[in-house]
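K.L.:
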Amino acid sequence: MSTAAAVTDKRPSTLQGASLPKWSPWAIAAGSLALGIGISAAAGLDSKVQWGLLAAIFFVLGTYGIAARVEGRRQAKDRVATSLVWVAFLLAVVPLVSLIWVTVQRGVKVLDVYFLTHSMGVVADSEPGGGIYHAILGSLEQVGLATAIGAPVGVLTAIYLVEYGRGRLAQAVTFFVDVMTGIPSIVAGLFILSLMLIFKMQPFGFAGSLALAILMMPVVVRSTEEMLKLVPNELREASLALGVPKWRTILKVVLPTSIGGITTGIMLAIARIAGETAPVLLLVFGNPFINANPFEGAQASLPLYIYQQYANSAGANAAYDRAWAASLTLIAFVMILNLVARGIARWKAPKTGR
-3 MSTAAAVTDK RPSTLQGASL PKWSPWAIAA GSLALGIGIS AAAGLDSKVQ WGLLAAIFFV
57 LGTYGIAARV EGRRQAKDRV ATSLVWVAFL LAVVPLVSLI WVTVQRGVKV LDVYFLTHSM
117 GVVADSEPGG GIYHAILGSL EQVGLATAIG APVGVLTAIY LVEYGRGRLA QAVTFFVDVM
177 TGIPSIVAGL FILSLMLIFK MQPFGFAGSL ALAILMMPVV VRSTEEMLKL VPNELREASL
237 ALGVPKWRTI LKVVLPTSIG GITTGIMLAI ARIAGETAPV LLLVFGNPFI NANPFEGAQA
297 SLPLYIYQQY ANSAGANAAY DRAWAASLTL IAFVMILNLV ARGIARWKAP KTGR
């Protein structure tokens, strides 16, 4: 090997420039946090939200300045984009974590087996004791009936729009689904209430289920429609080429392929209606006693129980604590539903392999 070749081999590659170490984002974040707290303390800002916003601004600016000086402006812009994503993620997660933390901290005061297995009965809102068994039972029955009505109708409507829908009818259905997606929950409650007044009916649990089903249907339709559109057309064409009828192709190929997304959409719809208070307040009316029959008489529900306890908590710590404990129970209820949905989706998902 010649001397010139040996010198060329020892030269550093010009394609690889200077780069920041892997720990640099953490160092910049720590410095930005310290700077934000210091400036906030000097300016007399007591809000931790202001501290966090200042630290986020310093983090983005510091990332760009340091990266531009060491790696160049092009790489600095890439790092700024990554920093903005992290800042947006934290801005979304911090309030959620704070809400869950406060709910757990205040809800565990009275949350025990007795609280979960007893109703309010003859216990006044200002007195300690009582529980939420009647509210849990009412929520399970009302949400369950609403799901039994809204989920099949929503899934079948989405199947029609994706697989069969053509012409003005499909356009009209799509338009009304879009309109129903944005209607307030009180409107659905007023619609069912008007029917109850026409037929001179008293408040009962199934009336609340009907209003919740109206709120659930458009969410199920939209989520299921998007999941069905993700199924490759090649799978449909292969099934049809083998002589399989279209309805059987949908049942055996399309739905199993998209069952995970459909289940997730249904769970999101259930999570939405599980916390609705306005239609339940109008139609179910609330009941401190246990009523296991949703087709007769007023019932309780967790959102309505929370509202009533908080509304009557003036000067009564017992009602205030019960409201937070019921809120924690409602969060746990939604979380369990999501875990069950994930398990069902994974169980029913198409098996992959060689």
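Just so you know, the numbering used here puts 50 at position 54 of the sequence shown, and the rest follows in order with no gaps. Glycine included, C-beta positions come from ideal geometry on N, C-alpha and C.
I think residue 51 touches residue 32, with their Cβ atoms under 8 Å apart; what is that distance to the nearest whole Å?
P.N.:
As a working mapping, residue 51 is identified with position 55 in the sequence shown. As a working mapping, residue 32 is identified with position 36 in the sequence shown. Right, their Cβ atoms sit about 3 Å apart.
K.L.:
Classify residue 262 as buried or exposed, calling it buried when 16 or more other Cβ atoms lie within 10 Å of its own Cβ.
P.N.:
The residue you call residue 262 lines up with position 266 of the sequence shown. Its Cβ being crowded by 16 or more others within 10 Å, residue 262 is buried.
K.L.:
Taking only three categories from DSSP, how would you classify residue 195?
P.N.:
Here residue 195 corresponds to residue number 199 of the sequence shown, with the count starting at 1. Note: residue 195 maps to coil in three-state DSSP.
K.L.:
If you reduce the DSSP assignment to three classes, tell me which class residue 285 lands in.
P.N.:
Counting from one through the sequence shown, the residue named residue 285 turns up at place 289. Residue 285: coil per DSSP, three-state reduction.
K.L.:
Look at the alpha carbon of residue 206 and the alpha carbon of residue 300, and state the distance between them as a whole number of angstroms.
P.N.:
Mapped onto the sequence shown, residue 206 falls at position 210. Mapped onto the sequence shown, residue 300 falls at position 304. When rounded, the distance between both Cα atoms is 16 Å.
K.L.:
If you measure from the CB of residue 34, is any heavy atom of the ligand ZN nearer than 7 Å?
P.N.:
Here there are no bound small molecules, and the ligand ZN is not part of this structure.
K.L.:
Is it true that the region 267 to 286 meets the region 203 to 223, where meeting means three or more beta-carbon pairs spaced less than 8 Å apart?
P.N.:
They touch, by the three-pair rule.
K.L.:
Using CA coordinates, which residue listed in 222, 75, 106 and 118 is at the minimum distance from residue 313?
P.N.:
Against the sequence shown, residue 313 aligns to sequence position 317. Among 222, 75, 106 and 118, the Cα nearest to that of residue 313 is on 106.
K.L.:
May I ask you to list the residues that DSSP assigns as paired with residue 295?
P.N.:
As a first step, residue 295 is located in the sequence shown; it is residue number 299 there, counting from the start. Bridge partners of residue 295: 281.
K.L.:
Within 10 angstroms of the Cβ of residue 45, are there 16 or more other Cβ atoms? Answer buried if so, exposed if not.
P.N.:
In the sequence shown, residue 45 corresponds to position 49, counting from 1. Exposed.
K.L.:
Let's test the definition: count the other Cβ atoms within 10 Å of the Cβ of residue 325 and tell me whether it reaches 16, buried, or not, exposed.
P.N.:
In the sequence shown, residue 325 corresponds to position 329, counting from 1. Residue 325 comes out buried.
K.L.:
For residue 6, name the three-state secondary structure that DSSP assigns.
P.N.:
In the sequence shown, the residue the question calls residue 6 occupies position 10. Confidence in residue 6 is poor, its pLDDT being 48 and thus under 50, which makes the residue's placement unreliable; the coordinate value appears in the next sentence. Residue 6: helix per DSSP, three-state reduction.
K.L.:
Let me check understanding here. Comparing Cα to Cα, which of 267, 193 and 197 lies closest to residue 335?
P.N.:
On the sequence shown, position 339 is the one that residue 335 refers to. Selected option, being the one with the closest Cα: 267.
K.L.:
For the alpha helix (DSSP H) holding residue 155, just list the boundary residues, first then last.
P.N.:
Locating residue 155 in the sequence shown gives position 159, where the first residue counts as 1. Where residue 155 is concerned, the enclosing alpha helix (DSSP H) stretches over 129 to 155.
K.L.:
Taking 8 Å as the cut-off, does the region 226 to 234 touch the region 163 to 180 (at least 3 CB pairs, one atom from each stretch)?
P.N.:
No, the region 163 to 180 does not touch the region 226 to 234.
K.L.:
Keeping to the same chain, check which residues put their C-beta closer than 7 Å to that of residue 227; ignore five residues upstream and five downstream.
P.N.:
Position 231 of the sequence shown holds residue 227. Counting only Cβ-Cβ distances below 7 Å, and skipping sequence neighbours, we find 250, 253 and 254.
K.L.:
Hey, how far is the Cα of residue 117 from the Cα of residue 213?
P.N.:
Residue 117 sits at position 121 when you count from the first residue of the sequence shown. Residue 213 sits at position 217 when you count from the first residue of the sequence shown. Taking the straight line from one Cα to the other gives about 35 Å.
K.L.:
Apart from the five residues just before and just after residue 176, which ones in its own chain have a Cβ nearer than 6 Å to its Cβ?
P.N.:
On the sequence shown, position 180 is the one that residue 176 refers to. Excluding sequence neighbours, residue 176 sits near 214.
K.L.:
Along the alpha helix (DSSP H) that carries residue 235, what are the first and last residues, could you check?
P.N.:
Locating residue 235 in the sequence shown gives position 239, counting from the first residue. Here the alpha helix (DSSP H) through residue 235 covers 229 to 237.
K.L.:
Roughly how many angstroms separate the alpha carbons of residue 22 and residue 66, rounded to a whole number?
P.N.:
As a working note, residue 22 is residue 26 in the sequence shown. As a working note, residue 66 is residue 70 in the sequence shown. Taking the straight line from one Cα to the other gives about 17 Å.
K.L.:
Is the beta carbon of residue 131 closer than 8 Å to that of residue 296?
P.N.:
In the sequence shown, counting from the first residue as 1, residue 296 sits at position 300. In the sequence shown, counting from the first residue as 1, residue 131 sits at position 135. A contact, by the Cβ cut-off of 8 Å.
K.L.:
On a Cα-Cα basis, can you pick out the residue from 57, 81, 16 and 156 that is closest to residue 220?
P.N.:
Taking the sequence shown and counting its residues from 1, one reaches residue 220 at position 224. Comparing Cα-Cα distances from residue 220 to each of 57, 81, 16 and 156, the minimum goes to 156.
K.L.:
Determine the DSSP secondary structure at residue 245, reduced to helix, strand or coil.
P.N.:
What you label residue 245 is simply residue 249 of the sequence shown in a count that begins at 1. DSSP places residue 245 in helix when its eight states are reduced to three.
K.L.:
Should residue 283 be flagged as near chain D, meaning a C-beta pair shorter than 8 Å?
P.N.:
In the displayed structure, chain D is absent; only one protein chain is listed.
K.L.:
State yes or no: is the C-beta of residue 303 within less than 8 Å of the C-beta of residue 273?
P.N.:
Numbered from its first residue, the sequence shown carries residue 303 at position 307. Numbered from its first residue, the sequence shown carries residue 273 at position 277. Cβ atoms of residue 303 and residue 273: closer than 8 Å.
K.L.:
Around the Cβ of residue 320, are there at least 16 other Cβ atoms within 10 angstroms (buried) or fewer (exposed)?
P.N.:
The residue you call residue 320 lines up with position 324 of the sequence shown. With 16 or more Cβ atoms within 10 Å of its Cβ, residue 320 is classed as buried.
K.L.:
Going by beta carbon distance, what residues of the same chain come within less than 6 Å of residue 308, once the five residues before and after it are set aside?
P.N.:
As a first step, residue 308 must be located in the sequence shown, where it is residue number 312. The residues are 121 and 315.
K.L.:
Might you give, ordered along the chain, the residues of its own chain that have their beta carbon closer than 8 Å to the beta carbon of residue 7, omitting 5 neighbours on each side?
P.N.:
Residue 7 sits at position 11 when you count from the first residue of the sequence shown. Any reading at residue 7 is ruled out, since the residue's pLDDT is 47, under 50, leaving its predicted position unreliable.
K.L.:
Going by DSSP, what residue range makes up the alpha helix (DSSP H) through residue 272?
P.N.:
By one-based count along the sequence shown, residue 272 stands at place 276. Counting along the chain, residue 272 falls outside any alpha helix (DSSP H), and DSSP gives it neither H nor E.
K.L.:
For residue 202 versus residue 290, is the C-beta distance shorter than 8 Å?
P.N.:
Your numbering for residue 202 matches position 206 in the sequence shown. Your numbering for residue 290 matches position 294 in the sequence shown. Yes.
K.L.:
Is residue 70 buried or exposed, if buried means 16 or more other CB atoms sit within 10 Å of its CB?
P.N.:
For this step, residue 70 is matched to residue 74 along the sequence shown. Counting Cβ neighbours within 10 Å, residue 70 comes out exposed, since fewer than 16 surround it.
K.L.:
So residue 265 and residue 298 are supposed to be a Cβ contact under 8 Å. How far apart are they, rounded?
P.N.:
Taking the first residue of the sequence shown as 1, we reach residue 265 at position 269. Taking the first residue of the sequence shown as 1, we reach residue 298 at position 302. Contact flag wrong, Cβ pair sits at about 17 Å.
K.L.:
Note the first and the last residue of the continuous alpha helix (DSSP H) segment covering residue 88.
P.N.:
Locating residue 88 in the sequence shown gives position 92, where the first residue counts as 1. 69 to 103 is the span of the alpha helix (DSSP H), which, as asked, contains residue 88.
K.L.:
Return the first residue and the last residue of the alpha helix (DSSP H) that residue 44 is part of.
P.N.:
Here residue 44 refers to the residue found at position 48 of the sequence shown. Start and end: 44 to 66.
K.L.:
Do residue 79 and residue 99 come within 8 Å of each other at the CB atom, strictly closer than that value?
P.N.:
Here residue 99 corresponds to residue number 103 of the sequence shown, with the count starting at 1. Here residue 79 corresponds to residue number 83 of the sequence shown, with the count starting at 1. Contact flag unset, no.
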